[in-house]
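Worksheet: the structure to be examined is printed underneath.
Residue numbers (the numbering used here): 1250 to 1433.
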């Protein structure tokens, strides 16, 4: 699978998770290079947003503090994504769910996409804080992934769903606290 095919697959899942979690593109193992390209482009996009945010909206003086803010923001995002990936890998192993690394990455990426978009919008335009509710859509995408893509029974779905959401929120809060304490 090529990079463009992977992007189309992910966006079609995000747009209609009930229907599109059964797509053929998810049954094929996509190349590692395609997902690496996706992650690199995502973090490049985040870098650009953080760059503009730092230089336009932050009141910090000095280019050094602004670059430090960008560096820590991107580092925190990479650590967050990595923590979630390895936690999900271990969680699925505990529940004896056979799943490939690429499938974990797809589930994680599609789940976090709306969450990341909302965070970026809130960073740039705090006045539209009511749009934060859109970030909850990622939790719906996750639920449909567990239900349709992994075809888990209802008891496992609820337990795994609650654990994953707790990890997502917990890791995010902890990493943001660490970032803000380091930058103070």
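Heads up, the beta-carbon is just placed ideally off N, CA and C, and yes, glycines get one too.
Span separating the alpha-carbon of residue i from that of residue j
i, j, result
"residue 1267", "residue 1393", "6 Å"
"residue 1409", "residue 1313", "42 Å"
"residue 1253", "residue 1378", "32 Å"
"residue 1305", "residue 1316", "13 Å"
"residue 1431", "residue 1405", "38 Å"
"residue 1422", "residue 1428", "10 Å"
"residue 1303", "residue 1369", "12 Å"
"residue 1398", "residue 1271", "6 Å"
"residue 1367", "residue 1295", "12 Å"
"residue 1374", "residue 1345", "43 Å"
"residue 1395", "residue 1419", "20 Å"
"residue 1336", "residue 1288", "18 Å"
"residue 1318", "residue 1258", "33 Å"
DSSP state of residue i mapped onto helix, strand, coil
i, result
"residue 1399", "coil"
"residue 1347", "coil"
Range covered by the alpha helix (DSSP H) that runs through residue i
i, result
"residue 1377", "Note, residue 1377: premise wrong, no alpha helix (DSSP H); not H, not E."
"residue 1331", "1312 to 1343"
"residue 1267", "1266 to 1269"
"residue 1391", "1386 to 1393"
Classification of residue i by the beta-carbon crowding that lies within 10 angstroms, buried from 16 upward
i, result
"residue 1285", "exposed"
"residue 1413", "buried"
"residue 1269", "buried"
"residue 1297", "exposed"
Contact between the stretch 1379 to 1390 and the stretch 1356 to 1368 is defined here as three or more beta-carbon pairs at a separation below 8 Å; is this criterion met? Contact check between the stretch 1379 to 1390 and the stretch 1356 to 1368: three or more CB pairs, one atom from each, fall below 8 Å, which counts as touching.
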